[in-house]
Structure formats: structure tokens, C-alpha cells
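2 protein chains.
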Amino acid sequence: MVKLGPLKLKAQLFCDGVNAMGPGKADLLEAIEREGSISGAGRAMGMSYRRTWLLVDAMNRCWHERLVETIAGGGHERGARVTPFGREVLAGYRALERHLAHAAEEETRRLTALMRDTPLPPPGRSMEHAA
Amino acid sequence: MVKLGPLKLKAQLFCDGVNAMGPGKADLLEAIEREGSISGAGRAMGMSYRRTWLLVDAMNRCWHERLVETIAGGGHERGARVTPFGREVLAGYRALERHLAHAAEEETRRLTALMRDTPLPPPGRSMEHAA
């Protein structure tokens, strides 16, 4: 999700109906790089291990190579890292986001000029205050 | 929501935290133009009258002028139409969507080249089949 003043932009890439890359998955890849494990990344993002693992698995099945590889050991995950291929996909997605934000600037400025700074209060609010 | 092959793009404009324009609201404005009433537009989009009315009300409170005006009569809504100002906002939003889709083309092509046509099956699937 890219924020540009009042504009929010969300770009998602689908592989035959499966979400292959989007704001959450890109953040997850960055968290795995930082934390060095799937469990650590999930904790840092407030997600269950199961959900985190499912997101990683979906990513790994959608691209020509794995984006994340795990180091198994003794039946437990001993760590994970983003592959060079994963870093390439991540960089391409972040470039797409930056490019979209830049492309949206002029039309966002034009639309924002037509928008109030704050919405009018919902109907009934003024009557409640008067009552 | 703009679709461009495997890419889905969603642009939303917020007025101090209130969603002022996005894919659903733009579709709703077009449905009101077509159907000539809020109730008809809601029916066409499979939404309750209450939900449809709340979306219209939020839009009308976020911009410098109303986007939709209703023709009241005998305690009932007799019809609704998109104001010239509403058509201006709608056209600006659709132009933003088109512009974003165009801007995304090259990076989407580059990322799509790294993506499979179909995801690999989830783990366990092949074992199930073998069992």
C-alpha cells in the first residue's frame, strides 16, 4: 500500500488466481530479511506462524524460483532467507509502487483540489448537538 | 479496481480518514447515472438500500459540492442523479485509473516474465494423489 497524501494505492500481482505479490507479501519478504526466520518475521508482523508460512508458500509456488529458502534442522525451522531471485522480485515490486505513486501525482493534485480538508458531519449530528 | 493481465490496481482517495472515492464508489456513481435512483443503483449492484445510501452520503460530505442529488417527493426518494460536479470527480478518478494502468505496463511485463503461468500445487497435494 503506497500513501500519497489523500491517495492510497494497492498493487497486487496474481498467478492464475493466487496472490503472488502485494503490499503484505513485500513487507513479509523485508521482515524475513531483517529477522532471519519465518517465525521471527511473522512475530514482527503480528501474524500466526501458520498464516506467515502459508504466505511464504504461496509466493514460492507462484514464481519461477523460490523467493524464500529455509534452513531445516532437527525437525524445526532453523532460519530463512530471501533468495537473490526473491530480492529481484521484491525490488521490481517496490519499483512498480514508486512508479505508480509518481504517475498518480498530477491527477491526485487535481482531484484533491475538489475535496474538502475534512468531511461534513454525518446527517443528524448537528441535530443531536442542538437537542 | 483496474485489471491489467496479472496486475490488480486499487486507488482510493481519503478525506481525513473517510473514503471519498474508490472503485466501488465510482461504480456506484455510474450505476446511479444509469438507473436514475439510489435504490435502483443499489439493487443493480446487489447492495442494501442502507449501504448504498451510506456510500452516497459519505461521498457527498467529502467534496466541495454534492456528487449526487436526490429528488424527494411524498416522503420517498423519487430519483437521484449525478451532478455536473459529480461527473467531473468521476471523470478525474477514471482518468487516474487509466493513467495508473498505463504507467504500470512496463514493470508489470518485467515482473510477469519472472512468474509462472500457474502456481505449483500446494505441498501435500502430490502425496495425496500418490496415496
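Going down the list, the protein sequences come from chains A and B.
Using our numbering, the first residue of the first sequence is number 1, and each one after it goes up by one.
Using our numbering, the first residue of the second sequence is number 132, and each one after it goes up by one.
Positions of the beta carbon are idealized from the N, C-alpha and C atoms, including for glycine.
Put simply, the backbone Cα of residue 13(A) is about 35 Å away from that of residue 195(B). Of all alpha-carbon atoms in 165(B), 197(B), 250(B), the one lying nearest the alpha-carbon of residue 114(A) is that of 197(B). The C-beta of residue 247(B) comes closer than 8 Å to at least one C-beta of chain A. Taking the Cα of residue 109(A) as reference, the smallest distance to any Cα among 236(B), 226(B), 209(B) is reached at 226(B). In the DSSP assignment, residue 21(A) falls within the beta strand (DSSP E) that extends over 18-21. Apart from sequence neighbours up to five positions away, the residues of its chain that approach residue 2(A) with a beta-carbon distance below 6 Å are 9, 97, 101, ordered along the chain.
Residue 43(A) and residue 146(B) do not touch by the CB rule: their CB atoms are close to 35 Å apart, not below 8 Å. Taking CB atoms only, residue 141(B) has a neighbour in chain A less than 8 Å away. For residue 133(B), the beta-bridge partners assigned by DSSP are 140(B). Under the three-state reduction of DSSP output, residue 201(B) falls in the strand class. Contact check for residue 168(B) against residue 211(B) passes: the beta carbons are separated by less than 8 Å.
Distance between residue 61(A) and residue 251(B), taken at the CA atoms: about 5 Å. Residues of the segment 213-225 of chain B with a C-beta atom less than 9 Å from some C-beta of chain A are 216, 219, 220, 223, 224, listed in chain order.
In the structure shown, the three-state DSSP call for residue 190(B) is helix. For residue 210(B), the pairing in a beta bridge is given by DSSP as 202(B). Within chain B, the residues 245, 246, 247 have their CB atoms less than 7 Å from the CB of residue 63(A), given in chain order.
Scanning its chain for C-beta atoms nearer than 7 Å, with the 5 sequence neighbours on each side dropped, one finds around residue 138(B) the residues 235, 239, in chain order.
At least one beta carbon of chain B lies nearer than 8 Å to the beta carbon of residue 120(A). Ranked by how close their Cα comes to the Cα of residue 4(A), the residues 230(B), 142(B), 136(B) have 142(B) in first place.
Residue pairing by DSSP places residue 216(B) opposite no residue, since no beta bridge is assigned to it.
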